[in-house]
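*Asks:* Can you keep this structure in mind? I'll have questions shortly.
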Amino acid sequence: MDIDLPPGLTSRPLVPGDLDAVFVVFSEAELADTGKPGIEVEDIEGDWARTNFDLSSQSVGVFEGERLVGTAEVADGRRADAAVLPSHQGRGIGSWLARWSEEQAKRDGGTLVGQSRFGGSPGETLLRGRGYETLWTSWVLELSPEKEVAEQPLPRGYSIRGLVPGQDDHIAYQVVEDAFNEWPNRNPQTFDDWSVRLLRRRGFEPWQMRLAIDHSNEVVGVAALLIDSAGQAYIDQLAVRGDQRGLGLARALMADAFRLGREKSAVRFGLSTDSRTGALGLYEKVGMHVTQTWHHLAKQI
1 MDIDLPPGLT SRPLVPGDLD AVFVVFSEAE LADTGKPGIE VEDIEGDWAR
51 TNFDLSSQSV GVFEGERLVG TAEVADGRRA DAAVLPSHQG RGIGSWLARW
101 SEEQAKRDGG TLVGQSRFGG SPGETLLRGR GYETLWTSWV LELSPEKEVA
151 EQPLPRGYSI RGLVPGQDDH IAYQVVEDAF NEWPNRNPQT FDDWSVRLLR
201 RRGFEPWQMR LAIDHSNEVV GVAALLIDSA GQAYIDQLAV RGDQRGLGLA
251 RALMADAFRL GREKSAVRFG LSTDSRTGAL GLYEKVGMHV TQTWHHLAKQ
301 I
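Heads up: the sequence shown is residues 1 to 301, going by UniProt numbering.
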């Protein structure tokens, strides 16, 4: 597809040595869209380490000389991520990457391809112009530094503790996977792909995986806490087993995770949710407020 790129630009698949440059492109693009980049280099590392992702065939970089100015990847013939340096937007690179993503998804057997874009961003405008429509809306919420999360009582006989490596790994994964698989338009995730983003993430420690335990000593809820380079404690995943909902376990897990984050000197607290979960009101009730709105846009291919 190089012939369709503007003059002076070339493309090739990404290689592991491009990691830092890819991080720069995504973080600068997100900063331009939202005013506050949230991506960490460990997020990209985890995505590249997935067993179902092949960097050499499912990624592309657009270069001006030796400098990476745009990039995209597609996993499972379904989920795409793409970004262009703000200084190089408006040159047709984003359109080229969108077309590459669609063709890559087709090659991998996909029938629906999509990616999440910040509401009102140039990327959203571009995709909507290509016929993409909203499948779901996501919100990033934050708890202001001056606010405390009120302690949330647990039902009698329940407790919260950290993960015991080798004992709880697969159990925690199954609670999360079962809960998330209730969502429409979601591809199931293997244990290896789940663990590489959390348990095997650089710097992740067992205490960051918070487990709700019932009176039978079974794991019935999970909250995975990440602390980013800006000092924000961020709940990456929050799930409660279907038959244990309505007891306040999600609120208790969230309060517990943020309390530990504060003990580790986190200064801000956040999480994200989307319209498939129906949980937005829960987080607003404990004092969180929406700071960003994203749309997952998709089209049939």
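Idealized CB from N, CA, C, for every residue including glycine.
(1) Have a look at A212 and F204 and give me their C-alpha separation to the nearest angstrom.
(2) Taking its Cβ as the centre, do 16 or more other Cβ atoms sit within 10 Å of V62, making it buried, or is it exposed?
(3) Assign Q292 to one of two classes, buried (16 or more other C-beta atoms within 10 Å of its C-beta) or exposed (fewer than that).
(4) With L253 and A233 assumed to form a contact (beta carbons below 8 angstroms), what rounded beta-carbon distance in angstroms separates them?
(5) Consult DSSP for Q292 and reduce its assignment to one of helix, strand or coil.
(6) State the DSSP-derived secondary structure class of G221, mapped to helix, strand or coil.
(7) Taking only the alpha-carbon atoms, compute the straight-line gap between D81 and W48 and give it to the nearest angstrom.
(8) Give the DSSP bridge partners of M209, in chain order.
(9) Can you grab the Cα-Cα spacing for the pair residue 329 / F26, in whole Å?
(10) For the 8 angstroms Cβ check, are there 3 or more pairs between the region 107 to 115 and the region 137 to 149?
(11) Between the alpha carbons of H215 and S159, how many angstroms are there, rounded?
(12) Which residue wins for smallest C-alpha separation from N185, given the options D18, T111, N52 and F53?
(13) Quickly, what does DSSP pair D81 with across the bridge? List them, please.
(14) Going by C-alpha to C-alpha distance, which of K36, W207 and V41 sits closest to P16?
(15) Pop quiz: E28 and P86 are said to be a contact at Cβ under 8 angstroms. What is the actual Cβ separation, rounded to whole angstroms?
(16) Return the first residue and the last residue of the beta strand (DSSP E) that D169 is part of.
(17) So what's S116 in DSSP terms, helix, strand or just coil?
(18) If V290 and L141 are in contact, beta carbons under 8 angstroms, what's the gap, nearest whole angstrom?
*Replies:* Quick look at the numbers:
(1) The residue you call residue 212 lines up with position 212 of the sequence shown. The residue you call residue 204 lines up with position 204 of the sequence shown. Distance between the alpha carbons of A212 and F204: 19 angstroms.
(2) Along the sequence shown, read from residue 1 onward, the residue named residue 62 stands at position 62. With a 10 Å radius around the Cβ and a threshold of 16 neighbouring Cβ atoms, V62 comes out buried.
(3) On the sequence shown, position 292 is the one that residue 292 refers to. Looking at its Cβ environment, which holds 16 or more other Cβ atoms inside 10 Å, Q292 is buried.
(4) As a first step, residue 253 must be located in the sequence shown, where it is residue number 253. As a first step, residue 233 must be located in the sequence shown, where it is residue number 233. Going by Cβ atoms, the distance from L253 to A233 rounds to 13 angstroms, so no, they are not a contact pair.
(5) Position 292 of the sequence shown, counted from the first residue, corresponds to residue 292. Residue state, collapsed to three classes: strand.
(6) Your numbering for residue 221 matches position 221 in the sequence shown. Looking at G221 - three-state DSSP - the assignment turns out to be strand.
(7) Counted from its first residue, the sequence shown places residue 81 at position 81. Counted from its first residue, the sequence shown places residue 48 at position 48. Each residue's Cα considered, the two are about 12 angstroms apart.
(8) Within the sequence shown, the letter at position 209 stands for residue 209. In the DSSP assignment, M209 forms a beta bridge with A224.
(9) The question about residue 329 has no answer here: the residues shown for the chain are numbered 1 through 301.
(10) Cβ pair count under 8 angstroms is below three, so no.
(11) Position 215 of the sequence shown, counted from the first residue, corresponds to residue 215. Position 159 of the sequence shown, counted from the first residue, corresponds to residue 159. For H215 and S159, the distance between alpha carbons rounds to 8 angstroms.
(12) Residue mapping note: residue 185 aligns to position 185 of the sequence shown, counting from 1. Closest by alpha carbon: T111.
(13) In the sequence shown, the residue the question calls residue 81 occupies position 81. E73, per the DSSP bridge assignment.
(14) Position 16 of the sequence shown, counting from 1, holds the residue named residue 16. Out of K36, W207 and V41, the CA that lies nearest to the CA of P16 is found in V41.
(15) For the purposes of this step, residue 28 is identified with residue 28 of the sequence shown, where counting begins at 1. For the purposes of this step, residue 86 is identified with residue 86 of the sequence shown, where counting begins at 1. P86 and E28 do touch by the CB rule: their CB atoms are close to 6 angstroms apart, below 8 angstroms.
(16) If you number the sequence shown from 1, residue 169 lands on position 169. Secondary structure note for D169: it is in no beta strand (DSSP E), and the uninterrupted alpha helix (DSSP H) holding it is D169 to F180.
(17) As a first step, residue 116 is located in the sequence shown; it is residue number 116 there, counting from the start. Residue state for S116 is assigned as strand, using DSSP reduced to three classes.
(18) Indexing the sequence shown from 1 puts residue 290 at position 290. Indexing the sequence shown from 1 puts residue 141 at position 141. Contact flag correct, Cβ pair sits at about 6 angstroms.
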